[in-house]
Amino acid sequence: MSVLCWGRGAAGLRRALQPCGCPGLLAKEGILGGVCGPRRSSSASPQEQDQDRRKDWGHVELLEVLQARVRQLQAESVSEVVVNRVDVARLPEHGSGDGGPQPPRKVQRGAKGASPVPRSGWAQRLEKDKRIQRMHGQQLEVNLQMQVQSQSEELKVWPKHLQVEPRLLSKQLAVFLAPESSWEEQLPRVLQEAPRKLRIAVGRAPSTQAQLSGQQQKLLAFFKCCLLTDHLLLAHHLLVTHHSQQQKQKLLTLDMYNTVMLGWARQGAFRELVYVLLMVKDAGLTPDLLSYAAILQCMGRRGQDAGTIERCLKQMSQEGLKPQALFTAVPLSEEEQAAVLKAVHKVKPPFSLPPRPPPAVNTSKLLRAVYAKDGPVSYPKLHLPLKTLQSLFEKQLCVELASKVCVVSVEKPALPSEEVTHARKTLQTLRDHWEKALCRVLQETKNHLEVEVHKGRFSLYPFLCLLDEREVVQMLLQVLQALPAQGESFTTLARELSARTFSRHVVQRQRLSGQVQALETYYRKYLHLLASDTKVPNPCLPRQYWEALGAPEALREQPWPLPVQMELGKQLAEMLVQATRMPSSLDNRHGSSRLVPVLYHVYSFRNVQQIGILKPHPAYVKLLETAAEPTLTFEAVDVPMLCPPLPWTSPHTGGFLLSPTKLMRTVEGATQHQELLETCPPTALHGALDALTQLGNCAWRVNGRVLDLVLQLFQAKGCPKLGVPAPASEAPQPAEAHLPQSAAPARKAELRRELARCQKVAREMHSLRAEALYRLSLAQHLRGRVFWLPHNMDFRGRTYPCPPHFNHLGSDVARALLEFAQGRPLGPHGLDWLKIHLVNLTGFKKREPLRKRLAFAEEVMDDILDSADQPMTGRKWWMGAEEPWQTLACCMEVANAVRCSDPAAYVSHLPVHQDGSCNGLQHYAALGRDSVGAASVNLEPSDVPQDVYSGVAAQVEVFRRQDAQRGTRVAQMLEGFITRKVVKQTVMTVVYGVTRYGGRLQIEKRLRELTDFPQEFVWEASHYLVRQVFKSLQEMFSGTRAIQHWLTESARLISHMGSVVEWVTPLGIPIIQPYRLEHKVKQVRGGIQSITYTHNGDISQKPNTRKQKNGFPPNFIHSLDSSHMMLTALHCYRKGLTFVSVHDCYWTHAADVAVMNQVCREQFVRLHSEPILEDLSRFLVSRFCPNPTPRKISQCWEASQLKETLQAVPKPGAFDLERVKHSTYFFS
């Protein structure tokens, strides 16, 4: 591969980006070349001149990056770099004089009109370096041509012979390679042979995926992939070549041998299977259950005689393995199980499969009422009939089989013109060429990688064979089309490409294996539970009903290891760069022109790290803008579902119909979370699985009236004040674009800073605009439809919707666009709750009781109705609210209800929210039974809502007065400035582990917002205030601080013992903190650039003590608030309510708010009535305190200190939890 950059070699980087015309004044002095030069066309309009200026700024930024790349290339070994010529493409000219990119013009020295350029010392050195680099580039091009030619010849003459017979290191085992009897007779004797004796460390198979090295993970994934692509002979060849070399043999594990053995068993290839078995013995390994399953499967397929099978089973029994375990502990398909059973029946005809265990029931005390069969239940039904749901299922199935969704963009469409038509035709022609070029490059790459495997090296060949070539090409072109103009990180692009490849592979595998047909059969039956016009004999939870149907287990497709993901993504990205080229002159319709790459590779800096970026050619970006194509393409998993999601039944089954969905979101490359979930008892996850299913079964629709108004603003110039981002044309511009030649260096530096600020704001605006475009386009696409949001959870148990762009966890605009698809009559009190909800959204009466909020709603009813009727032309009362768009949506709902002849009968679709009052502190106060803290966060009943932030501010003010009387200057300066707003963020985040340093930064930011506060005292004042805030919290929440300290100290000591912190939530979800030291850096070398990444899944890495101790308190509290939410969700579902949540904010219909409030309080009391801290202490002691005691004195002391700390659970206070049930403002 080659490094793609502007110009020819390092010497051409600056020249290729030199703007047309005479260089500007700053450029002459080597400061900002091309920024302030003369405009290209004096007849251009002001708008076009602004566009030119912005292009020049972009060139400046790119020039600085590329000059840094020049210096880097000079410092690196050029033997690994090949530099290609990249020319600037010219856009079609239609006589408009729009100042588009012009062909570069060289100005000869001494020529007429040329400006004298001062030659400084650094410039002369740079020119010298450029000449040297150009010579190296020319030499490297010659070397590259020779290398390509030699590889082509190698491909033609490379023999296709693959090794089948292994070379064994044990002479005793080698005699079996030339058998005197049949291979069938050899097998029992091979099984009886003792494994070759090796050193202790060799042959010990890692027990988990996380314990494998990067090379081992890649090899295991290669062998498994070869089985999927019918390249078993290649897998066997690589296994044999590695086994034959003593150093490489150390990389092989029993799983790798078993994988290849299983492949031969499926084909009934007995001789090759015995070869692998001989290698297992030769490697010093002992066959396990999977090994015997492969052997028996092979004999079952071949119809082997009973004698051989009997001796195999006898040997298996001698090794302590039972035949029943073959069908319970080994992941085999139904066909493979049938072949194994056929072999066993020849010896043991009465043998039968172990009976399917009865459905296990969760016995958790907290969930006993959820799964109780006695007592009334009224599980909710959807509002749609069976036929409609079946039709929606067919549509969703088609979407996931296609793996993508095309959506019409809501961006203001371009007016039809000859220029637009020509641009679209040009773009389509280019894409046709790129498709053919990508097919050719993909085939060449696969041929080269196949040769690598022939040479006995790992390669990505089988991974590139998983998908049809056309599907890979379409995926790459889709990524190219979506690439932003500012480019994308090469590493991020590699991850995205590998993830898309894996997702498409999983869908394709299910289609080819018959899983889709089975899914159709069982899902149609499942819909009888949900449809409005059907009944089932025994109402139950969706998971229970799905399991009762006997649906087959879904394919367990483990994600590829991170090293494979990165290498595959990098390979695909490089193919995209290599194959996509465009003419250097797009307006040359008849003559020929040179081809230039569409993507070029540059380096930029993020913080202190240098990162590689793939940027699209400016001419290609301009072509896309001119074409203004009206569609956006999304991955199927990024779009809400058109039918109810699959119920979650296990850690790998649920959510989308075919596309892979993780039950638990994890850090990139981490596998411990998934292993914990799969090894814990299945019943322990029932609470989480059922809660996620219930959240995903909520049907949604788009609020069309709100969407129309948002689109009206979006397609104009946006409205940042209302959360509608402005287009790029509204980005700020520097006040001064030209500087005189004699300008001082300080003024030039100031201009550079201003340019950097403008570009930063422009990038932020672009990001917000793109996010809004995706959200609004999806909302328009789903207008008039019913859709669903499948959910999963993070490693703490907090739940999230899977589709990222359009969901109820988004901004105010996103939430206002959504409403329940299934309505509910308001009933006698629903209208009052709608009005209270409206006032809550405005933020005007936060500290007032509910009756005053209701009265306020009546007072402003005229404004509410005016907002509903004339949102853009009336008094616009709704625009002054904290959540303006949700306020507007509620105004419309209230207006409809009050104008209805019978408001109680009005069917409302608007979700009504009940929000926890500083929910983290509520959990801390309940854990510590802290009476003072409980009263501050509304656990204690009161007539008016208590505001903890105002309470802390008042306490800080008391301390300030005392210090001011003592003569403390900073305390005197702060008089009148200590408000609720100043301390709110720090108080809110203290419960989630914010440090004094972080708290000081938060307070500093608030103080800088106060224009009348003397700014020279901000630093001193923020230091003073953060101390007083922490001191106030210590007094007000003494129990909270004691628990927080105990959790922090426990985590610190556990980390010092070399372990990461683990615990189990009250609902049984196993939690592990993934924070480890990131000093082990992995690299994928070669090609355009080397990719460096941290492999967080390596459990050999030491824990990051700082992150472990700082993360434990907030993560533990998050696991408690998720448990409370799940309990509330399950009990609301049992009562027939529609329920969704945004962490500690619970949503339901207005008519059901009172019922949800009751359930919410009951479940909070029930949760905290459990001995949560005592249970945590017992778990941590059993998990982390070693038994027997370590031998070393230092370790013995650390272990005793750890045990002593873990057992020193903070003593609870005297607060009565039952009082929470009567607290009106606990959630309000």
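Mapping the sequence shown onto the UniProt record's numbering, position 1091 (from 1) lands on 1091, and the numbers just tick up by one. Note that the Cβ used here is the ideal one computed from N, Cα and C, for glycine as well.
Strand pairing of residue i, partner residues [DSSP]
i	result
G916	F1227
H601	L614
S513	Paired residues: none, contrary to the question.
N792	Y800
R581	P597
Q1083	T1092
K981	DSSP, once it has assigned bridges, lists no residue as partnering K981.
T653	S650
Y1146	Q914 and S1141
F856	DSSP lists no partner for F856.
T633	C406
C226	Answer is none; C226 lacks a bridge partner.
S908	R824
Straight-line Cα distance separating residue j from residue i
i	j	result
T328	P354	8 Å
D902	V894	13 Å
Q74	M135	With a pLDDT of 49 at Q74, under the threshold of 50, the predicted position of this residue should be treated as unreliable, and no value is reported.
G687	F1017	53 Å
L483	L228	31 Å
L834	S364	37 Å
L332	Q558	15 Å
S1169	E1162	11 Å
R424	F458	43 Å
Q914	F1139	11 Å
L497	G612	16 Å
P188	L162	27 Å
P1103	A1051	10 Å
S1090	E574	12 Å
S317	L646	41 Å
L1137	L1206	41 Å
T580	L442	12 Å
A746	R752	10 Å
Q133	A494	29 Å
L841	T501	43 Å
Y523	G550	11 Å
V932	G797	29 Å
F490	G1087	12 Å
Neighbourhood of residue i by C-beta, 6 Å cutoff - its chain only, sequence neighbours within 5 removed
i	result
P640	F787, L789 and P803
E435	V473
M1125	S1141
A971	R960, D963 and A964
Neighbour flag for residue i against chain D, beta carbons, 8 Å
i	result
P618	Structure shown: chain D not included; a single protein chain is present.
Whole-Å CB distance - residue i paired with residue j, under 8 Å assumed
i	j	result
L658	Q510	5 Å
V702	A779	5 Å
C900	L838	Going by Cβ atoms, the distance from C900 to L838 rounds to 16 Å, so no, they are not a contact pair.
P713	C719	One point to set straight first is that residue 713 is Leu, not Pro, in the sequence displayed. L713 to C719, Cβ: 5 Å. Contact.
S936	M1036	6 Å
L476	Q508	Incorrect: roughly 17 Å between the Cβ atoms, too far for contact.
Residues near residue i in its chain [Cβ-Cβ closer than 7 Å; skip 5 each side]
i	result
R1142	Sequence inspection shows Val at residue 1142; the Arg mentioned does not correspond to that position. Contacts found: H808 and L809.
G823	V907, S908 and H909
Check: residue i C-beta below 7 Å from any heavy atom of the ligand GTP
i	result
Q962	Among the ligands in the structure shown, none appear at all, so the ligand GTP cannot be discussed.
Inter-stretch contact (C-beta, 8 Å, three-pair minimum) for the segment 1014–1023 and the segment 988–1005: The segment 1014–1023, when compared against the segment 988–1005, does touch it at the 8 Å Cβ threshold.
The segment 342–355 touching the segment 293–306, judged by at least three CB pairs closer than 8 Å: With the rule of 3 Cβ pairs closer than 8 Å, the segment 342–355 counts as touching the segment 293–306.
Sufficient close CB pairs (3 or more, under 8 Å) joining the segment 376–384 to the segment 531–545: yes
Touch test, the segment 1105–1123 against the segment 866–884, Cβ-Cβ under 8 Å, three pairs minimum: no
Segment contact flag, the segment 547–566 with the segment 510–523, C-beta cutoff 8 Å, min 3 pairs: yes
Segment contact flag, the segment 251–268 with the segment 289–301, C-beta cutoff 8 Å, min 3 pairs: Yes, the segment 251–268 is in contact with the segment 289–301.
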